[in-house]
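Peer 1:
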Amino acid sequence: MKSAFVIAAPRSGAGKTTVTLSIMAALKARGLFVQPFKAGPDYIDTAHHRYATGAVSYNLDTWMLPPEANLRIFRRESAGAEVSVVEGVMGLFDGVDGRRPDGSTADLARLLDLPIVLVVDARSMARSAAALVKGFVEFDKNLRFAGIIWNRVGTKGHRRILDEALEEAGLPQALGAFGRHNEIAIPHRHLGLVTPEDMELLPGFFDNLAAMAEESVELDRLLIATRTQIPPEAVPAGSAKTKTVAVARDRAFCFYYEENLKILEGLGARLVFFAPTDGDAVPPEAEALYLGGGYPELHADKISRNEGFLNRVRDMHARGLPIYAECGGFMTLCRAVEDCSGTRSEMAGIFPSTAKMGKGTFSLGYREVEGTLLSPVPGKKARGHEFHYSTIEEMGGTIERAYRVRNSRGEELAGEGYLTGKTLGGYIHLHFASNPAFAAAIFGLE
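The sequence shown begins at 3 in my numbering and counts up by one.
Below you can see the structure in the form of structure tokens.
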């Protein structure tokens with residue numbers, strides 16, 4: 003029987019990601035096939051999961067995706083795994099608002115019918131930690147808790163008090179306790195954690211995490227407590243490859259939902275990857291182009307000097323080949339990118355605007371888009387997420403808006419999805435599993 007569980011926490015910043023990566027790395031070091039997942043729209047955690055486990059991590063989200071899509075992805079990718087680990091998002095019950103569970107870790111755990119391992123930051127707490135745990139365990143009686151993992155525990159005596167408090171209150175017992183290891187904290191930057199590719203001493207980092215989990219967590223108890231049956235998922239036969247889609251993937255273009263790529267392949271796309279920051283041009287056989295988000299502002303000089311890449315993008319646009327760009331990829335299609343210091347780097351110039359990095363303000367939240375009559379997806383809806391610190395200058399009337407946009411409360415926002423010819427760009431990262439027909443129309447795979 004497999005083991006599968008969700009790792010959650012009462013709040014962001016409790017050490018959930020570090021504990022998750024430690025457990026993943028330790029189980030992999032034992033020779034187990036660990037399949038990682040991430041609740042919510044975050045791309046960076048999934049990249050760390052891949053380094054910790056050697057397996058591709060998939061995003062699951064009960065607001066962006068319908069239930070059947072979440073179940074399909076989880077069951078399909080768990081089929082060959084010995085352990086499936088879902089890292090939660092924010093606090094356990096934090097979702098789209100204060101009334102609904104949609105988008106929360108709890109909602110996903112309930113849908114997948116998985117037990118929860120709750121990571122509790124016990125710094126500056128003793129018996130009070132049990133009161134905190136009791137509130138989370140009893141808030142939703144439909145959830146199952148496999149146990150507690152304490153984090154930032156000071157001493158053995160501190161751990162003893164914490165465990166005694168759980169036992170006295172009749173609560174799920176502790177499966178482990180991490181000390182105060184500031185040296186293994188993952189650094190942050192403006193869009194979240196630093197990506198694993200940009201961290202130094204990477205192999206040693208994950209080895210240290212694995213060793214820490216072996217020392218701090220009763221892994222055998224954890225695996226026994228989280229044994230579960232995962233229903234099989236039928237894998238549909240692949241479609242014949244009808245179109246070559248080039249996908250930019252490197253340190254500047256690194257934000258992709260892995261399921262999006264699988265969906266494109268299922269629709270008949272043959273994906274070819276290239277790295278603009280390494281000097282690659284768009285592969286000559288490409289009949290469509292996908293530019294994901296990431297950090298073009300950190301690599302703007304390299305992108306600007308890659309004339310082969312920029313000229314090929316301009317040529318594809320002029321020839322009417324489909325180009326789809328999200329967030330950082332969209333910035334690359336603008337006239338220029340300007341960083342926080344005011345340094346300007348020329349880009350493809352398909353959209354007559356400059357993308358300027360901000361220093362404090364940002365746009366963040368779930369989005370639902372509906373194609374306008376002028377778009378390649380008239381009347382079709384899809385869901386995604388928006389998070390960026392840059393803004394663009396006003397485009398002017400010559401650039402159409404492809405989407406009507408609403409937030410997770412259903413409130414209408416400004417139109418988005420900038421369209422010129424068959425080039426479509428915007429800040430919203432769409433999850434194609436919310437509506438695969440949307441992706442098919444954008445890339446001409448219908």
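In this text, a Cβ means the ideal position worked out from N, Cα and C, and glycines have one as well.
(1) Kindly give me the distance between the Cβ atoms of Ala350 and Arg316, rounded to whole angstroms, as I take these residues to be in contact under 8 angstroms.
(2) Taking the alpha-carbon positions, what's the Met359 to Ile430 distance?
(3) Whole angstroms are fine: how far does the CA of Thr48 sit from the CA of Glu395?
(4) Return yes when the Cβ of Thr279 is within less than 8 angstroms of the Cβ of Lys245, no when it is not.
(5) Taking the beta carbon of Asn72 as the centre, do at least 16 other beta carbons fall within 10 Å, making it buried, or is it exposed?
(6) Using DSSP with H/G/I as helix, E/B as strand and the rest coil, what is Asn437?
(7) Per the contact definition of three or more C-beta pairs closer than 8 angstroms, is the segment 416-427 in contact with the segment 322-336?
(8) Grab me the residues of Glu448's own chain with a C-beta within less than 6 angstroms of its C-beta, minus the 5 sequence neighbours each way, in chain order.
(9) Taking C-beta to C-beta, are Val121 and Gly17 nearer than 8 angstroms?
(10) For the putative contact between Ala54 and Ala27, defined by C-beta atoms under 8 angstroms, what is the C-beta separation to the nearest angstrom?
(11) Taking all protein chains shown into account, do 16 or more other C-beta atoms lie within 10 angstroms of the C-beta of Lys30, making it buried, or fewer, making it exposed?
(12) With H, G and I counted as helix, E and B as strand and the rest as coil, what does DSSP make of Pro298?
(13) Going by beta-carbon coordinates alone, are Phe445 and Gly330 separated by less than 8 angstroms?
(14) Sort Pro12, Pro69, Leu114, Leu116 by Cα distance to Tyr96 and report the nearest one.
(15) Can you tell me whether Leu164 is helix, strand or coil according to DSSP?
(16) If you scan the segment 244-323 from start to end, which runs of the alpha helix (DSSP H) of 4 or more residues do you find wholly inside it?
(17) Taking the alpha carbon of Ile75 as the point to measure from, which residue in Val98, Glu413, Val237, Ala302 has its own alpha carbon closest?
(18) What is the DSSP secondary structure of Thr157, reduced to helix, strand or coil?
(19) How would you write the range of the alpha helix (DSSP H) that Tyr405 sits in, first residue to last?
(20) Which of helix, strand or coil does DSSP assign to Asp99?
(21) If Met1 and Ser436 are in contact, beta carbons under 8 angstroms, what's the gap, nearest whole angstrom?
(22) Using CA atoms only, rank isn't needed, just tell me which of Leu34, Glu79, Gly172 is closest to Glu260.
(23) If distances are taken between C-alpha atoms only, which option among Gly294, Asp252, Leu145 comes closest to Phe276?
(24) So, Ala450 versus Val247, is the Cβ gap smaller than 8 angstroms?
(25) From Asp44, Ala111, His160, Thr64, pick the residue whose C-alpha is nearest to that of Ser130; which is it?
(26) Keeping to the same chain, check which residues put their C-beta closer than 7 angstroms to that of Ala242; ignore five residues upstream and five downstream.
(27) Does Glu51 come out as helix, strand or coil in the three-state DSSP assignment?
(28) On the three-state DSSP scale, how would you describe Asn61?
(29) With 16 as the cutoff for other CB atoms within 10 Å, does Asn153 come out buried or exposed?
(30) Which stretch, first to last residue, makes up the beta strand (DSSP E) that contains Thr345?
(31) Rounded to a whole number of angstroms, what is the C-alpha to C-alpha distance between Ile401 and Glu89?
(32) What's the C-alpha gap between Ala132 and Leu224?
(33) Under three-state DSSP, which class holds Phe389?
(34) Which residues in the same chain as Leu134 place their Cβ atom closer than 7 angstroms to its Cβ, once the five residues preceding and following it in sequence are excluded?
Peer 2: The short version:
(1) Working through the sequence shown from its first residue, we reach residue 350 at position 348. Working through the sequence shown from its first residue, we reach residue 316 at position 314. That pair is a contact at about 6 angstroms.
(2) The residue you call residue 359 lines up with position 357 of the sequence shown. The residue you call residue 430 lines up with position 428 of the sequence shown. Approximately 16 angstroms between the Cα atoms of the pair.
(3) Within the sequence shown, residue 395 is the residue found at index 393, counting from 1. Within the sequence shown, residue 48 is the residue found at index 46, counting from 1. Their Cα atoms are separated by approximately 32 angstroms.
(4) Position 243 of the sequence shown, counted from the first residue, corresponds to residue 245. Position 277 of the sequence shown, counted from the first residue, corresponds to residue 279. Going by C-beta atoms, Lys245 is not nearer than 8 angstroms to Thr279.
(5) Position 70 of the sequence shown, counted from the start, is the residue given in the question as residue 72. By the 10 Å Cβ count, Asn72 comes out buried.
(6) Residue numbering aside, residue 437 sits at position 435 when the sequence shown is read from its first letter. Reduced to three states, the DSSP call for Asn437 is coil.
(7) yes
(8) Taking the first residue of the sequence shown as position 1, residue 448 is located at position 446. Only Ala442 meet the Cβ criterion.
(9) Mapped onto the sequence shown, residue 121 falls at position 119. Mapped onto the sequence shown, residue 17 falls at position 15. Against a cut-off of 8 angstroms, the Cβ pair of Gly17 and Val121 comes out as a contact.
(10) Numbered from 1 along the sequence shown, position 52 holds the residue referred to as residue 54. Numbered from 1 along the sequence shown, position 25 holds the residue referred to as residue 27. Between Ala27 and Ala54 the Cβ distance is about 4 angstroms, and since that is below 8 angstroms, they are a contact.
(11) Counting from one through the sequence shown, the residue named residue 30 turns up at place 28. Lys30 is buried by the Cβ-count criterion.
(12) By one-based count along the sequence shown, residue 298 stands at place 296. The answer is helix: DSSP assigns Pro298 an H, G or I state.
(13) To locate residue 445, count along the sequence shown from 1; it is residue 443. To locate residue 330, count along the sequence shown from 1; it is residue 328. The answer is no: Cβ separation not under 8 angstroms.
(14) Numbered from 1 along the sequence shown, position 94 holds the residue referred to as residue 96. For clarity, residue 96 is Asp in the given sequence; the question names Tyr instead. Residue Pro12 is the option with its Cα nearest to Asp96.
(15) Here residue 164 is taken as the residue at index 162 of the sequence shown, counted from 1. Of the three classes helix, strand and coil, the one that applies to Leu164 here is helix, per DSSP.
(16) 260-268, 302-307, 309-320
(17) For this step, residue 75 is matched to residue 73 along the sequence shown. When only C-alpha atoms are compared, the closest one is Val237.
(18) Position 155 of the sequence shown, counted from the first residue, corresponds to residue 157. Here Thr157 sits in coil by DSSP.
(19) The sequence position of residue 405 within the sequence shown is 403, counting from 1. No alpha helix (DSSP H) holds Tyr405; the beta strand (DSSP E) holding it covers 402-409.
(20) Taking the sequence shown and counting its residues from 1, the one referred to as residue 99 is at position 97. Residue state, collapsed to three classes: coil.
(21) No information on residue 1 is available, as it lies outside the stretch 3 to 448 that the chain covers here.
(22) Here residue 260 refers to the residue found at position 258 when the sequence shown is read from its first residue. The shortest C-alpha separation from Glu260 is found at Glu79.
(23) The residue given as residue 276 occupies position 274 in the sequence shown. Of the candidates Gly294, Asp252, Leu145, the one whose C-alpha sits nearest the C-alpha of Phe276 is Asp252.
(24) Since the displayed the chain opens at 3 and closes at 448, residue 450 lies outside it and no answer follows.
(25) Counting from 1 along the sequence shown, the entry for residue 130 is found at position 128. The candidate whose alpha carbon is nearest that of Ser130 is His160.
(26) Stepping through the sequence shown from its first residue, residue 242 is reached at position 240. Excluding sequence neighbours, Ala242 sits near Gly270.
(27) Against the sequence shown, residue 51 aligns to sequence position 49. One detail in the question is off: residue 51 reads as His in this sequence, not Glu. Helix, per DSSP.
(28) Position 59 of the sequence shown, counting from 1, holds the residue named residue 61. Note: Asn61 maps to strand in three-state DSSP.
(29) One-based indexing of the sequence shown puts residue 153 at position 151. By the neighbour-count rule (16 or more Cβ atoms within 10 Å), Asn153 is buried.
(30) Along the sequence shown, one-based indexing puts residue 345 at 343. From DSSP, Thr345 is part of no beta strand (DSSP E); its letter is neither H nor E.
(31) By one-based count along the sequence shown, residue 401 stands at place 399. By one-based count along the sequence shown, residue 89 stands at place 87. For Ile401 and Glu89, the distance between alpha carbons rounds to 40 angstroms.
(32) By 1-based counting over the sequence shown, the position of residue 132 is 130. By 1-based counting over the sequence shown, the position of residue 224 is 222. Answer to the nearest angstrom: the Cα atoms are 20 angstroms apart.
(33) Counting from one through the sequence shown, the residue named residue 389 turns up at place 387. Correct three-state label for Phe389: strand.
(34) Start at 1 with the first residue of the sequence shown, and residue 134 comes out as number 132. Same-chain partners within the cutoff: Pro12, Val122.
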